[in-house]
Structures are given as structure tokens and as C-alpha cells.
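Q: Numbered continuously in UniProt numbering, the sequence shown closes out at residue 1245. The beta carbon of each residue, even a glycine, is placed where N, CA and C say it ideally should be. Here the structure is a predicted model, which means the values were calculated and not measured. Have a look at this one.
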Amino acid sequence: MPLALRWMIGWRGGAGLAVLVILATLHPIVAKIRRRSDRPRSGTLEILSDANDAKFEIIAVHGLGADPDRTWTQAVERTQEREAAEHRPAHDPARIHLLQDLLKSDFPQARILSFKHNSNWLTDAPVKTTEEIGKSLLEEIKAKRLSRRLPIIFIGHSLGGIIIKQALCRDDSQEIIDDTSGIIFLGTPHQGSSVSASGAVLAFMTGFLGSDTTLLQSLKSHDGQLSNLADRFQSRKVPNQDQPQKFQVISFYETKPTYLLGWQSLGLVVSRDSAAVHMDKQYSIDTDHSRLNKCAGPEDKLYMKLKEAIGRLKDPSLLEQADTLIRNDHYTEERLKIERLSGDLLSMDQCYINLAIVDQSGQDAGRLKEGDPTPSPFSLFTRQKVETPDETIQVKLATIFNQRKGRDGRTMQPRRILIRGRAGVGKTTLCKKMVYDFTYGIQTDLHHSWTVLFDRLLWVPLRNIKERSAAGYNHEDLFYHEYFYGQGHEDGRCLAKELWREVKRTNRIKSGKTLFVLDGLDEVSHDLDRNDDMSRFLKDLLDQPNVIITSRPNANILGGLGDLDLELETIGFYPDQVKAYIEADPKVKPKANEVQSFLQHHWLIQGLVRIPIQLDALCYTWEDFDSGTVTNTMTGIYKAIEQRLWKKDIVRLQKQHGGRLVTASDIDPSCVEDLVEDEICFLEGLAFTGLYNNMIDFTSKHRNAISKHFKSKELLLDKTIPCLSFLRTSDPLSKNPMYHFLHLTFQEYFAARYFVRNWLACQPLKCLEPNSKKVKQISPCKFLQKHKYSAHYDVFWRFVAGLLEAEGEDEILRFLNTIEEEPRDLLGPTHQRLVMHCLSEVDSSTNLPIRSKLEAKLSQWLLFECDLTGSSLLARESECPDQALRTALATDTGHGRVGILEALQHPGRHLSEAAVAAAVALLKDDKAAVRDNAAQALGRQSSLPEAAATALVALLKDDNAAVRHTAQALERQSSLPEAAVTALVALLKDDDAAVRHTAAQALGRQSSLPEAAATALVALLKDDNAAVRDNAAQALGGQSSLPEAAVTALVALLKDDDAAVRHEANYALGGQSSLPEAAVTALVALLKDDNAAVRREAIQALWGQSSLPEAAVTALVALLKDNDGAVRRRAAEALERQSNLLDKILIAIGLLLESERTAETTSSTLRNPQPVEFLYESLLWRSFKEQFSLYIDNGHSSCIINQASGLRTASFEHSSQCDEFLAVVGKGRELWNTRGYKLWDSLKE
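Below you can see the structure in the form of C-alpha cells.
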């Protein structure tokens, strides 16, 4: 009890005695109180301890008439000095502070605050009620809280407890009550104190000193205001809908009387009955009222009980419980484990997650710009996303929330991120990696960077929501089902409600601290279009401010998403990661050098093992690989892996032979298929049905429906599937797990096995639709004719070719001949790619008479493509046969050899020994262009550091021509320092043409030119020197995004009187991927210019735009009938380049979009056949760049265009229309095949 209260004396001594006592002691006491009042106490919370990793808060409030600092201190006696030494403050070695010394030491994770307020009553007393002081306390708590809400433990001594209750009973205190985990009352007079009356009399008598009775009157015994406060407080303490968890109250009360001046007893200042109101637990302390908040050291009996009480109350809040349950019960080792094929667990530090930024311009990544050093979009490795991307777009997982430039060029901090990844490349592994590092990987970069931004990470496999369609489904339902279902309905619902309340609260104040990881959006994307509760919930979930969304790349999902800050894609292991993975495998490590050597000599396997699961398969099956006999075909590799995995599964399936279990040593390769015949049959049916229906995840419903057609009745699925190494589940703890193949290529492999089985047996294929239970039967030949040009079946047909080769030369020959039969691609490139891919799976030693014919035909196509497009995507593929390359390179015609050599320079293009030999021979060619490109094909320079780039710019002015030539490495640099760019702009006016050319090329390669440089380049388009203009235009044309001012100036130049200036401006505009609306409008106006040359330039300037407004499309279609032939041709080419307007273009020539499975084709006719002649070259060009084919069906009743987005058909009402169409196609071929290559003739001719 503070010294002032020692004056509180009852009427038992009589008024006279009280007056005598007052007069005897008044002077020294008043003087002491006045000294205390000199300290400012405006009602503020002082932070005494602020731990960085604080888990809870302690807020202490002192009592009546107390000194805010000394009231919590105890003088240390000599006998206590040793035990208190470690807690004693350096500034006051004679006293121990309960809050600053003892609690701070024993609770280092506590944030300790002390509320300092003026509670004087004898002198200079504030005229304030406890309600007013309580309001001040509440305001201070709200002002001093951290952004992350911590549980609060209040400690109130005497009147301080009443002030705490007043604060918590205010209408605006609910947020603080929700976070209150407990209150410790130290002698708080909940029902008042009899001593307060004596104090009030004394205050009245000493009013001339500034005394006030307001606070004393509030503590009168059994006062009505205290009773009302007690009732209000009790109602706040009871759990309700808004406060699902009540806080605990622990009361301490004195058992010794308080003495005035050491001899006059005041009795118990606060009785047990008054102190123990509201309590859940109580402690009696053998001390008086004034010492209930003072402890002499850690062994003090009061402190030990107080420490015990705080330990009890600091139990986690409801939100902490929710977070802990998610962390400990949901993110378990079992759920997050990544199991290798061997059954061993993969360490998280070996889970390499590689990401690359997807093109943010919104353009079609498949539409390649001529000359870009990119891999073929049709290569196996590009399809599997295992090519190493440019360093400028590589992103480390830990840094995806770091600041970066957005699509508009401004700096932003991503918070909404989409990550795309092909099926089976490890999207779920990615999620597990994120969860593990965030939760447990305290030493990882991800943990260090993400935990600063977020308090929790919520991983939600969206596939789980598919099974829940309850009306009104909301976030609380989601949290309950995902994380708290096992806690019982009532407790689980309370936890879910509290978690959602916290998410809403932080989102509302723009400080969202919850990161959602929404896994597999493609699996629920169809639900986004429904107008129901689940659709609305999904959209709201996807609209969270902090979210990572994963999806397959081809899913059409962007319409259901809000604005995204960043779009990424998963890519395969980098070469150094492959090496590290092999060296970390304990079983393979002793042979690591041998494995690495093997990979160096098998380019296909070297690429495939960059897919994580394929690398694991290689390591697991290494003992079964014979480096001297393994064929360099994908099919051969998969067959070897299949054999090894079946050996493991046969033991797991407990297969028997002759009445006893089969062991690993019993298994001979020749008997594997006999032992697992039923399991293979089921996997083949599952894989083929999934491929046919574009399905990769199989629910129990799907599996059961498929198994009825593709398994033996004796096969028990629920017992068998968990033992199959070829199938995996994303959630092994689920009661109804979905399964998928190890990787999409394994699904394609087993689907190909099913096709080959039926091909050999001449049996129809069962094309099952699991959701509708419909089954179509189609012959393998018909299936091949229908789907041979589909990109969806590309890998499938590779496996079919490889598997058929193993069945003998007759079968693979029959298959290749069937491919050559009708329907045939009227364009050609897609057909050649199919042939090329299938031949790559046939061993070169196999005697195939048709091979030489196919390779000779392909060499003709290589040369023709170079003549038509200036380069060769066909040659860019590593599957291109060596013989076709050698034949084409030996032909000295046109641009063929240079174009092919340029193709061989692209990343990911593997050169076989034969190809290398051919390139080496060309180093002595008479033509400089051939020599130069042959040299570059044999070895390209890697990206250069900034210092080297600057030095190379300087070398462009060297006197020695050979030295200047070495600086051409600048042309490969995508990012140069600003000083280098400025110097290069100046060099565009150099007298030496080679210097100008190299400077222009280097500038054109820059990903982003400074505005000053772009402006300078535009000005150079008016230079008197044609070479200067040309080089400036090249530099501008290499930019995909120029400043708006530069674009405006370029558009204006299209009206220049000088045709050369117009041409250069047009060239520069044509390189822009996205022109401003004003520029497009101006160009559309120029399409109607009287000058045909201006119209041509305006059309060509629009070529770079993949999405044109309706007015532009209409104008271009009208120009197909322009009097100027060059205008008509350019208009057709411009329309061809509009990827998102193809439907309109095709409608213009009578080809209408249809569903692939529509029973009848449209009755549309080719009303406008003439434009086909002009569009044929555009369609032909397009078919080199993407999966695009045009053919007539077998019945000659309709024309079909087959592309990635689906089939388009046009029916012929009579045969003459088909003949007219074919005649137009023939004219188109004649128009562009000027060298007479044998391209479309039959092999039999």
C-alpha cells in the first residue's frame, strides 16, 4: 500500500486522535508527496521491455496515490543481495523492480508496459474518476499496440484493477478484450474498502493542500457504482459469439493488516471477499496491502506465485492456438514429406525450385521474333519446360515478393502471384517447399524474407473444395474443413472463426499478414463461371491481397482472377543442380562421375533428367542402365525405368509364384509383365482415358469407372494403387485421395502402350468419358488419322513409334506409312514435325526403307523454310535427322545453308557428332556468311559482364578491323550500362559501316532503351546518310516497347515525303509489341491514305500488334480487295499475325469454329475463296511457328483447320466446292514455292 494510504484510519480512534495524528505528521508527508507530484504523469503507457520476438504483453497499472516507478520496487536486504544480484538494476542497486527486473528476466518474450497516471488524493489531486482514467488507459493501449496483435495479461494493484475494469467495460474495448488472456488483481477492492471513508475525511480536512475525494469515494465499501462495474465486467468475461474464449482472472489478497506509522493498525485494507470477486483462481499472500506489488527477488514467495500465475495466463490465445494447430497438426512431417521412388525421403535442401518470369507484355510466347536466340517451341525440352531461361527472367523462390519493375515499368512489390507449371513438374512439391521453409526452415532465405512480411502461410489445395458444395460456403467453413476438423465441431468452429476474423482485420487495415497458397486453380477453374455460392466464394478467395496461385499452363483462368502483380512458371533443374542432386544421393554418389559422363554422351537423357522426377528415376534405376547399350531414345529410357519400378512393386504387391512370395532376386526381366499383367492393363486404361479426356487427376469415382473397362475383376484397387510407383497422391493423409501419374510423360507412355497393344491386336480403342460413362470405340488407324496433328498427342506419338519399333520393322513401317496416308496436312510443317519426332524414337540401326525418303523430303522442307521465312524452326529441333541436315547443308542454293546454321546456334539445340562435323567443314566455305554462321553454331559467347560490355564499345573505334570485329559479341548482350548505350548511339553516325552495324545491332538487343537514346535514334531517321537511317531503324526495331513520344514521332514519319524515311519508321514501329491507342488510331487512318506506299507502310507498322481494335481489323479485311497487289499481300500477312482474331479472319473465308466432338459440321460454304490464295502464305508461315495444320477429311465433305485452340471446320455442299478450294490452295503453293521443291507430292510418286 502506498505511504499515503497509511493515513487511512477508521473512526475507531476518534476524530480527535485523527486530528492530532494529522497535525503531527502532516508536514513531512505532504513534502514527500509534493516531490512525487513533480514527475509528469499524464496517463501514458511506458514500454519497459520490447522484445523483437514478443509472444505476449504485460500491462501493469498501479494503485491509489502511488509513485508509478517506486510502487513496483522493493528495497533489497543484505541477506537477499546474493540471490537478487542478477535481477538488480545497475542504476539503483538497492531496489528490485518487479516489472523491469524480475518479470523482464523470467519472461524474455514478454512486451512489458506500465501505465503511469496521477492517482494522488492528498495533494495536487486530479479531479478525475476511475472511468476517465480507464478511458485514457484504453486509448493508450490502442495507440501503443504492435501491428501483430499479442495476447495481453493485465496486472492491477489496488485501484489499478478498478481502472483496468473500467477500460475493458467501455463500448470500444472489444478488440482489446478479445486479445486479453488474463488479469491478475493484486488486492483490488472490487466491493470497495472500509478504509476509503477515513481517507475521504482526511482529504476533506486537507483540501487546502489540493486534496480531492473523487477517487477515494469510488472505493467506498459496497458502493453502487462498484457493483454496477462488477456486473458489466462479469458480462464481458462470459464467452459469447464475438468472444468465443473467456479470459481468466487470478486474484491475490493480503492476510496481514496494514499499520500506520508502524504502530497504528488499519486492519485489512481490502478484505478477501472484496478482492476475490470475478476470480478463477486465488492466492492468499502473507503480507499487507502495500506490499502486494513488491518482491525482493526471484525466490520471494509472492513473486513465485505471481510468476506461476503469469505462466498460467500466457497460455496461447485462440489465434495462437489456431496457428499452432496448423503448424503442428496440419503441416506435419507426413504431409510435407517428399518421397523418392526408392521410398527414401528427399531432403528439402535438395528440392530445387526454379522459376522464370512469364512474358509480361501479354503477347503469345509462341510467336517468335525472327532472329531471337530462343529454343524451338516444338522441341521436347521446351514443351517440358526444362530449358534454362535467360538470366534476366530467372527468379529465386525466396525473392518473389521483392521489389521489381511491373508491367508499366514502375517499381512495385508483388503480393499477388500466379505460378504456372506443367502437370507433374512439381507444383505440389513447390507448395510443400514453401510451407516447410516458412514454418520450419529457419535458416533458409525464404524463411528470413517471408516471415518479415507474413505471420502465417495457409496452404489450400483447391481440389479439396470440389467436394464441398454447401450453400453459403465461406472462409470459416474452409478453415474448419482444412485445418480444424479434427478438433471437434465447437472448438474447431471457434478456431476457424478466430482465424478468419484476424485475416479480415489485417486486410481491412491494409496490413494483411496472412499469405494464401492456393494450389491447383486449373482444377476448379470451371467453377468460376457458375453463378452460385461456391463460385462467389472462390472468386473472393482468389482476390486475397497476399496470394500465390498455382495452375497448369494451358488452363483458361485469367478471366476469373483479379489483377496479378507477377506471373511465373516452373522450369526444370539447372545443370549444376542436376550435378549436385546426383552427388547428394548416397547410393549414386560413389558413381557420380560415371553418371555425369553417361549424361554427357546421351543428350536426350541429359535433357530429360532436368525434370525432377526423371532425375530421381535415373538415380534409382542406375544399376539397371548399361551405358554401352542404352539407346538414345525416350522410349528406351522409359522402358528401362518401367522395368526397374515394376521389380520394386512386385515385392510390395506381395506377388506369388508357385505358392510362395516373389522376392527381388527371383524377378527376371522377361517375366515382369506376366507377374503384373492386370496392373499394367489398368494403368494403360487409366492413362489413355486421362489423355483422351485431358485429365491428370483421378478421383476414386474416376478410377472405379475406368477400372470396369480396363482391369481384371480380381484386382482390388484400394489395395493395389498405393503400391504402384507410377501413381502418386498429393495428400497421402486424405481419406479419399486423388492420384496422378509420376509425371505427365509417364501417363503418355502408358497411354501409348495401350494404343500399341490394340494396334498389334487390331482391336478398337475404348474412348471412355468417365463423367458421362459413355464409351466410344474407334480403330487405332482412325484414331491416328484424327489426332496425328494434335499438339496434345505429340509425346504420345513419339512413344507409340518407339514401342512399335520394339515389335519389329514391319510394325513401325506400317505405322509410318499410315501417317503418310490421308488426311495429309495441306500446309506441311506440322506433318514434317510429326515425322521427325517419330523418327527420333526409331533407332538409326533399324532397317527402314522409308527412312531415306522421309529424310530427303525433310531436307527439302529445311531449304524451303529458309527461303520463305529466312530461318528454320525445323532445323532448330534436336530431333531433326542428321542426314536431312547434311543433305540440306550440302545444297548451295538461296539462303538455305545460312538459315540452317543460324538455327543450329539457338539455345537447347544439341549438335550430334555428325552435325558438328558438317559445321566444321563449312568453316572453309568460300562465302563469309556461311563461315561466320558455322563458327557461331559451334560455339556462342555467354553473356558479358558490364565492364566487358563497356570495353567492347570502346573497341568499336579501334584502328584494327580484326579487333573491331571481336566487339560483335555486343550483339548478344541484352542489357548494357547507360554509358555504353549513349556511346553506341553516337557510333551510329560513324564513317565505318561495320561500326555502325554492330552499334545498331547491340542497341537493338537492349531490353529497354533510355528515353534519351530512343529520342536520339528517332532523330537519326531523318539523317541525310541512308546507312545511318538504316542502322537507327534497326536499333529501334529491336525494341518491343518504346517511349510514347518516340512512337508518336515514328507515326508522323510515315507521312514523310522521303520514301526511305517512311520505310525506316515503319520498320521501327513494326517491332513494337504494344502500340499506344493513339498510335494505332493514327495508323488505321493511314490505311485509307491515297498513296499506296503509305498504306503499305501503315499495314506493316501494325504487324507487331497481336490484338487490334475492331476498326483496324475491318480496314485490313477491306484491303484484301485493294487494287495494289502489295497492299493486299501485306494486309493478309497483318491479319495472319492477329492471334486473338483468327476466328474473325477464318469466318471471312468461311471457316467456322466448332467443338471437336460435335457430331455434324456446319453448313457454311466457302463464300470468299479468292482471299485464300493470298492468305495461304500467311497460313503456311504460321504453321512453321506453331501447331497449325489444314486438311480435307477423308470423305472430302469438309475442310479442317487443327490448332491448339481446337478444330475449325467448313462443310462443302458439293464436290465442286472442294475442288475449287484445292485449286486455290494449289495456286498458293505455286505462288510461294518458286524454286520447285518437292514438298507436297506423295512418297509413292
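Helix, strand or coil: which one does DSSP assign to M534?
A: For the purposes of this step, residue 534 is taken as residue 534 along the sequence shown, with counting starting at 1. Here M534 sits in helix by DSSP.
Q: Keeping to the same chain, check which residues put their C-beta closer than 6 Å to that of I914; ignore five residues upstream and five downstream.
A: Reading the sequence shown from its first residue, position 914 is the one you call residue 914. Per the sequence presented here, residue 914 reads as Ala, with Ile not at that position. Cβ neighbours of A914 beyond the five flanking positions: D882.
Q: Exposed or buried, I706, counting other C-beta atoms within 10 Å across all chains shown (16 or more means buried)?
A: Taking the first residue of the sequence shown as position 1, residue 706 is located at position 706. I706 comes out buried.
Q: Going by CA-CA distance only, name the one from G160, I152, G808 and Q487 that's closest to E132.
A: Against the sequence shown, residue 132 aligns to sequence position 132. Nearest option by C-alpha distance: G160.
Q: Determine the burial state of D649: buried for a count of at least 16 other Cβ atoms within 10 Å of its Cβ, exposed for fewer.
A: On the sequence shown, residue 649 is found 649 positions in, with the first residue counted as 1. D649 is buried by the Cβ-count criterion.
Q: Closer than 8 Å is the cut-off here; do at least three beta carbon pairs connect the region 1075-1094 with the region 1026-1041?
A: Touching, no, given that fewer than three Cβ pairs across the two stretches are closer than 8 Å.
Q: How big is the Cα-Cα spacing for residue 1273 and T255?
A: Residue coverage of the chain in this structure runs from 1 to 1245, which leaves residue 1273 outside it and unanswerable.
Q: Taking only the alpha-carbon atoms, compute the straight-line gap between D565 and R415 and give it to the nearest angstrom.
A: Working through the sequence shown from its first residue, we reach residue 565 at position 565. Working through the sequence shown from its first residue, we reach residue 415 at position 415. Approximately 6 Å, taken between the alpha carbons.
Q: I need the DSSP call for Y283, collapsed to helix, strand or coil.
A: Position 283 of the sequence shown, counting from 1, holds the residue named residue 283. Strand, per DSSP.
Q: Which whole-angstrom value describes the C-beta separation of K307 and D106, a residue pair presumed to lie in contact below a C-beta threshold of 8 Å?
A: Counted from its first residue, the sequence shown places residue 307 at position 307. Counted from its first residue, the sequence shown places residue 106 at position 106. The Cβ separation is near 6 Å, so the contact holds.
Q: For R897, is the classification buried or exposed, using 16 other Cβ atoms within 10 angstroms of its Cβ as the cut-off for buried?
A: Counting from one through the sequence shown, the residue named residue 897 turns up at place 897. Flag for R897 reads buried.
Q: Under DSSP, the alpha helix (DSSP H) around H447 begins and ends at which residues?
A: For this step, residue 447 is matched to residue 447 along the sequence shown. Note, H447: alpha helix (DSSP H), D445 to L453.
Q: Among A929, V842 and T570, whose alpha-carbon lies nearest the alpha-carbon of S551?
A: Within the sequence shown, the letter at position 551 stands for residue 551. When each option's Cα is compared against that of S551, the closest is T570.
Q: On a CA-only basis, which of N1194, F1221 and S1215 is nearest Y1176? Give me that one, please.
A: The count along the sequence shown starts at 1 and reaches residue 1176 at position 1176. Among N1194, F1221 and S1215, the Cα nearest to that of Y1176 belongs to F1221.
Q: What is the rounded straight-line gap between the Cα of D372 and the Cα of L834?
A: Translated into positions along the sequence shown, residue 372 becomes position 372. Translated into positions along the sequence shown, residue 834 becomes position 834. Confidence is the limiting factor: at D372 the pLDDT is only 45, short of 50, which leaves the residue's position unreliable and the question unanswerable from this model.
Q: Taking 7 Å as the limit between beta carbons, can you name the residues of its chain near T1161, skipping five residues before and five after?
A: For the purposes of this step, residue 1161 is taken as the residue at position 1161 of the sequence shown. With a pLDDT of 36 at T1161, under the threshold of 50, the predicted position of this residue should be treated as unreliable, and no value is reported.
Q: Can you give the Cα-Cα distance for A1204 and D990, rounded to whole angstroms?
A: For the purposes of this step, residue 1204 is taken as residue 1204 along the sequence shown, with counting starting at 1. For the purposes of this step, residue 990 is taken as residue 990 along the sequence shown, with counting starting at 1. In a straight line, the C-alpha of A1204 is about 48 Å away from that of D990.
Q: Quick check on DSSP: helix, strand or coil for S852?
A: Against the sequence shown, residue 852 aligns to sequence position 852. The answer is helix: DSSP assigns S852 an H, G or I state.
Q: Check for me: the beta strand (DSSP E) holding C1199 runs from which residue to which?
A: In the sequence shown, the residue the question calls residue 1199 occupies position 1199. Per DSSP, C1199 belongs to the beta strand (DSSP E) from S1198 to Q1203.
Q: In angstroms, rounded to a whole number, what distance separates the CA positions of E334 and K432?
A: Position 334 of the sequence shown, counted from the start, is the residue given in the question as residue 334. Position 432 of the sequence shown, counted from the start, is the residue given in the question as residue 432. Rounded to whole angstroms, E334 to K432 spans 11 Å at the Cα level.
Q: Which residue marks the beginning of the alpha helix (DSSP H) containing H1063, and which one marks its end?
A: Walking along the sequence shown from the start, residue 1063 turns up at place 1063. Note, H1063: alpha helix (DSSP H), A1059 to G1070.
Q: Pick from R407, N354 and E822: whose alpha carbon is nearest that of P575?
A: As a working note, residue 575 is residue 575 in the sequence shown. Of the candidates R407, N354 and E822, the one whose C-alpha sits nearest the C-alpha of P575 is N354.
Q: CA-CA distance, S265 and S193?
A: Your numbering for residue 265 matches position 265 in the sequence shown. Your numbering for residue 193 matches position 193 in the sequence shown. When rounded, the distance between both Cα atoms is 15 Å.
Q: What would DSSP say about S251, mapped onto helix, strand or coil?
A: Locating residue 251 in the sequence shown gives position 251, where the first residue counts as 1. Correct three-state label for S251: strand.
Q: Buried or exposed: which applies to P461, given that a residue is buried once 16 or more other Cβ atoms fall within 10 Å of its Cβ?
A: Counted from its first residue, the sequence shown places residue 461 at position 461. Classification of P461: buried, given that the 10 Å Cβ count is 16 or more.
Q: Using the beta-carbon count (16 or more within 10 Å), is L23 buried or exposed?
A: In the sequence shown, counting from the first residue as 1, residue 23 sits at position 23. With a pLDDT of 45 at L23, under the threshold of 50, the modelled position of this residue cannot be trusted; read the value that follows with caution. It is exposed - the Cβ of L23 has fewer than 16 other Cβ atoms within 10 Å.
Q: Are the CB atoms of A60 and I163 nearer to each other than 7 Å?
A: What you label residue 60 is simply residue 60 of the sequence shown in a count that begins at 1. What you label residue 163 is simply residue 163 of the sequence shown in a count that begins at 1. No, the Cβ-Cβ distance between A60 and I163 is not below 7 Å.
Q: Let's test the definition: count the other Cβ atoms within 10 Å of the Cβ of P189 and tell me whether it reaches 16, buried, or not, exposed.
A: Translated into the one-based positions of the sequence shown, residue 189 becomes position 189. Buried: at least 16 other Cβ atoms inside 10 Å.
Q: Between H157, H709, I582 and V1084, which has its C-alpha nearest L683's C-alpha?
A: Within the sequence shown, numbered from 1, the residue matching residue 683 stands at position 683. Cα-wise, what sits closest to L683 is H709.
Q: Write down the C-beta distance between Q832 and L858 rounded to the nearest angstrom, noting that I regard them as a contact closer than 8 Å.
A: Here residue 832 refers to the residue found at position 832 of the sequence shown. Here residue 858 refers to the residue found at position 858 of the sequence shown. Going by Cβ atoms, the distance from Q832 to L858 rounds to 6 Å, so yes, they are a contact pair.
Q: Let me know the beta strand (DSSP E) ranges lying completely inside the region 296-322, each 3 residues or longer, listed in chain order.
A: Listed in chain order, nothing qualifies, since the region 296-322 has no complete beta strand (DSSP E) run of 3 or more residues.
Q: At a cut of 8 Å, does the region 732-745 reach the region 654-664 through at least three beta carbon pairs?
A: Verdict: no, contact absent.
Q: Quick check: the Cα distance between V1127 and T846, rounded to an integer number of angstroms?
A: Taking the first residue of the sequence shown as position 1, residue 1127 is located at position 1127. Taking the first residue of the sequence shown as position 1, residue 846 is located at position 846. Those two C-alpha atoms are separated by around 51 Å.
Q: Taking buried to mean at least 16 other C-beta atoms within 10 Å of its own C-beta, is E1230 buried or exposed?
A: Mapped onto the sequence shown, residue 1230 falls at position 1230. Burial call: exposed.
Q: How would you write the range of the beta strand (DSSP E) that C110 sits in, first residue to last?
A: Sequence index remark: in the sequence shown, residue 110 carries index 110 (1-based). The question names Cys, but residue 110 is Ala in the sequence shown. A110 to H117 is the extent of the beta strand (DSSP E) around A110.
Q: Measuring straight from C-alpha to C-alpha, what distance separates G421 and P553?
A: Along the sequence shown, one-based indexing puts residue 421 at 421. Along the sequence shown, one-based indexing puts residue 553 at 553. Near 6 Å, if we compare the C-alpha coordinates of P553 and G421.
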